[in-house]
Amino acid sequence: MCGIVGVVGSRNATDILIQGLQKLEYRGYDSAGIFVTDKNKNSVLVKAVGRISALQEKIDIEVNGTSGIGHTRWATHGKPSKINAHPHVSANSRFVLVHNGVIENFKELKERYLTDDKLVSKTDTEIAVHLIGKLIEEGNLSVVEGFRKALKLLEGSFAFALMDRKDSEIIYVAKNKSPLLIGLGNGYNMICSDAMAMIRETNRFLELYDEEMVIVKRDSVKIMDANGTVVKRKPYIAKLDLSDIGKGAYPYYMLKEIDEQPAVMRKIMQKYIANTNPHQMKVEQEILEAVVKADRIYVIAAGTSSHAGWAAKAFFEQLTKTPVEICLASEFGYNTPLLSKKPLFIYISQSGETADSRQVLVKMKKLGYKALTITNVPGSTLSREADYTLLLYAGSEIAVASTKAYTAQIAVMAVLAKAVGEYIGNSVARSFNLLQELSLVASAIEALLTEKKQIEQKVYKHLQNTRNAFYIGRGADYYASMEAALKLKEISYIQCEGFAAGELKHGTIALIEERTPVQALISNKEIASHTRGNVMEVVSRGAKVLTIVSQDCAQKEDDIVVQIVHPFLTCITMVVPTQLVAYYATLQRKLDVDKPRNLAKSVTVE
Ligand code: F6R
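Following this line, the structure appears as structure tokens:
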């Protein structure tokens, strides 16, 4: 959440900052700002409410400094407004700061150190920059000394980029819990929350670790640990392709990403299944042993990623013979259940940056428990800090609503479960031909994608003018319903619940009235008649129903029919039509599909 960029020593600092912020807009898009300065200390600070395009409109061609910092915000403290937008400045405006994260003790700091300061915003960041300025000036300290002193007083998460108007050729950086990278340019250096923001300028990056402070100049980068000891670190090459980030001819990234799902399934097969033997998974022995040694798997995740965990639970248990618990990251760290004797933690996270998941990882690592991260982003925090990583190979996912990462997460969990099942000689795993089954999944998705037009028409009719809706399903379809409901509500703002079909009658059916839309998912022949019974119950109370069914359960009047795939994998195929339902319902409402209100792609605050 929130994106930070910075550059020192380039002739076109403004352009680098704006381009970078555009790439980081997925991290927050309620307001933005930049501070740009040149060698002669001429500087300008511009802020705007709304998207980066609104900021761009306010930037004069005259703003052509050589160094600067920029920020795109996802509000935590203080509503989205120009005053609350970053950068913030110290009492006499000498210091300028951008911040990603949350300062938890901001009130105490304000009461203790800043009672006489006039603060204009409602942000924790303004308190941080006032504190830094005060410590430096009143203590007659160097910027590094004063900054370090302030950092010791701050509690919470932060990635900071600080500039001093007295020396416009330095950015001071500090990091704790929130991500930040240094980009190495030719004759200039940069900082950014995500390599994607600076990939146009460089592919050489330096990772930063918690509690480090960095002095970034045009021709040097000095990293220091919490005690001030200089740390030597080699850069890494980020393998990102700019064309991967574009949306081509698509109106929205979400539609492009939905369409990419068959290709992602095939990529996962290619990366994880041996060419010579379809039953041999390419998963490191160490990972297999970690799973086999565990008496219980704890899947830690948030939102859509936790739904992927629920979707995978049943097949993971059947193939590995190990019980699996799915835990919400935001709850687990503070409400930890009684753990089994030999737990293994699997962190599922598209971004690999989710703060809720990371706080669990840090706590569980301290207790000595191994961590496996399943993520789309190599080098992300959760990947770096885990013992093992399995990548999703889904390509950059830009739309805030996750689609291809969700289906890839289930597929990669299937790869792992199959690999472990083979390793322990489980006959269910032996007879599960994942190569063949994932190929069928890819074809089933392709077939669905050819029906977009019909789905669009049905959605327009079914969800027109509604403010609420329900998804219902049993078993795997219940988990798919949870994901389907999240997708619909987060982008179309239709209030939607994903419900266990049989549970509805235990209270919630009271909400069904004339023309309430209900979407029923039916993919399991054994229990189809029960779900159909639940459909009849809501129809009798006035609901209008849209059915999404597997071919082997289909009846003449069903709305969307999905090709048959292995029961372990229906959570992938059944969700695809619901992604399209969410997409078209949002188009119908003329909303921004890719950037829904109040959300951000990477949730780096707890
Ligand atoms: C919804 C969505 C979110 C994320 C959640 C966790 O479409 O994308 O619910 O799944 O914020 O994010 P990651 O997977 O990056 O940990």
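Read in order, the letters of the sequence shown correspond to residues 476 to 1081 in the numbering used here. No residue lacks a Cβ here, since even glycine has one placed at the ideal position from N, Cα and C.
Check	Outcome
Straight-line gap, Val-890 to Ala-830 (C-alpha atoms, nearest Å)	26 angstroms
Nearest-angstrom Cα separation, counted from Ile-646 out to Met-665	9 angstroms
Rounded C-alpha distance that separates Glu-1032 from Cys-667	53 angstroms
Near the ligand F6R: Ala-876 beta-carbon under 6 angstroms from a heavy atom	yes
Status (buried if at least 16 other CB within 10 Å, exposed otherwise) for Met-1011	exposed
Proximal residues to Val-482 (C-beta, below 7 angstroms), its chain only, five neighbours per side dropped	Ala-488, Ile-491, Leu-492, Ser-542, Gly-543, Tyr-663 and Met-665
Gln-834 Cβ short of 6 angstroms to the ligand F6R heavy atom set	no
8 angstroms CB neighbourhood of Pro-753 in its chain, flanking five on each side removed	Asn-908, Leu-909, Leu-910 and Gln-911
Simplified DSSP assignment, three categories, for Leu-866	strand
Straight-line Cα distance separating Glu-988 from Gly-1017	5 angstroms
As assigned by DSSP and simplified to three states, the class of Ala-861	coil
8 angstroms contact criterion, which Ala-776 and Ile-885 should meet: CB distance rounded	Not a contact, Cβ separation roughly 12 angstroms.
Residues that Glu-994 bridges to, as DSSP identifies them	Looking at the sequence provided, one finds Gln at residue 994 rather than Glu. DSSP output for Gln-994 lists Tyr-946 and Leu-1021 as bridge partner(s).
Test item: CB-CB of Ala-566 and Gly-608 under 7 angstroms	yes
For Val-916 and Thr-795, the rounded distance between their alpha carbons	22 angstroms
Rounded C-alpha distance that separates Ala-529 from Gly-977	49 angstroms
Thr-829 Cβ short of 6 angstroms to the ligand F6R heavy atom set	yes
Residue range of the beta strand (DSSP E) that includes Arg-679	679-682
Which residues DSSP lists as bridging Ile-823, in chain order	Ile-849
For Leu-803, the three-state DSSP class (helix, strand or coil)	strand
Heavy atom of the ligand F6R within 6 angstroms of Gln-939 beta-carbon	no
With 16 other Cβ atoms within 10 Å as the buried cut-off, status of Arg-1072	exposed
Extent of the continuous alpha helix (DSSP H) run through Ala-649	Careful: Ala-649 lies outside any alpha helix (DSSP H), inside the beta strand (DSSP E) at 642-651.
Three-state secondary structure (DSSP) of His-981	helix
Counted within 10 angstroms of its Cβ, other Cβ atoms place Tyr-504 as buried (16 or more) or exposed	buried
Simplified DSSP assignment, three categories, for Val-890	helix
Gln-929 versus Asp-1034: straight-line alpha-carbon distance, rounded	9 angstroms
From Leu-963, Ser-653, Val-1050 and Asn-678, residue whose alpha carbon lies closest to that of Ile-997	Val-1050
Distance between beta carbons of Tyr-501 and Ala-1075, contact taken as under 8 angstroms	7 angstroms
Extent of the continuous alpha helix (DSSP H) run through Glu-931	927-938
heavy atom of the ligand F6R below 6 angstroms from Gln-929 C-beta	no
When Ala-701, Val-571 and Ala-787 are compared against Lys-624, the one with the closest alpha-carbon	Ala-701
Cβ-based burial, Thr-704 [other Cβ within 10 Å; buried from 16]	exposed
Beta carbon proximity, Val-1078 to chain D, threshold 7 angstroms	You won't find chain D in this structure, because it holds only one protein chain.
Exposure label - Val-691; buried when at least 16 CB within 10 Å	buried
Three or more C-beta pairs below 8 angstroms linking the segment 620-638 and the segment 599-607	yes
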